[in-house]
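Since the structure comes first, as structure tokens, the remarks are kept for the end.
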């Protein structure tokens, strides 16, 4: 715990972010995911094949592959990412129904 953290508190903060996006061009999204996958030297060949098929078949998988939670906090002074998990799913969304969303944007 750093000297700047008040006694009795944790230096860890859970940040929750929920986004609903509209995929206007699934082919472009899948192409970007495949390009990023091809450039990623850390992905084993067997995994590359499985992920490549998933991002080609499902826009939610392509989006999940391209989004990196680290990008949300990198460059913030005094912040280090301790843990991240994320995923995506297809969702039927009525944007006219404001009941599911808080007033803040």
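Numbering (the working numbering), first residue to last: 1489 to 1593.
Where a beta carbon is used, it is the ideal one built from N, C-alpha and C, also for glycine.
Apply the 10 Å Cβ neighbour rule to residue 1580 and answer buried if 16 or more other Cβ atoms are within range, or exposed otherwise. Position 92 of the chain shown, counted from the start, is the residue given in the question as residue 1580. Exposed, because fewer than 16 other Cβ atoms sit within 10 Å of the Cβ of residue 1580.
Given this structure, state the Cα-to-Cα distance separating residue 1523 from residue 1575, to the nearest angstrom. Position 35 of the chain shown, counted from the start, is the residue given in the question as residue 1523. Position 87 of the chain shown, counted from the start, is the residue given in the question as residue 1575. Cα to Cα, residue 1523 sits roughly 19 Å from residue 1575.
DSSP three-state assignment for residue 1538, whether helix, strand or coil: Within the chain shown, numbered from 1, the residue matching residue 1538 stands at position 50. Helix, per DSSP.
For residue 1502 and residue 1509, I'd like the C-alpha separation in whole angstroms. Position 14 of the chain shown, counted from the first residue, corresponds to residue 1502. Position 21 of the chain shown, counted from the first residue, corresponds to residue 1509. One C-alpha to the other measures close to 22 Å.
Could you give the C-beta distance for residue 1539 and residue 1525, rounded to a whole number, given that I count them as a contact under 8 Å? Within the chain shown, residue 1539 is the residue found at index 51, counting from 1. Within the chain shown, residue 1525 is the residue found at index 37, counting from 1. The pair is a contact, with the Cβ atoms about 6 Å apart (cut-off 8 Å).
Short check: CB of residue 1542 to CB of residue 1535, under 8 Å? As a working mapping, residue 1542 is identified with position 54 in the chain shown. As a working mapping, residue 1535 is identified with position 47 in the chain shown. It is not a contact, given that the beta carbons lie outside the stated cut-off.
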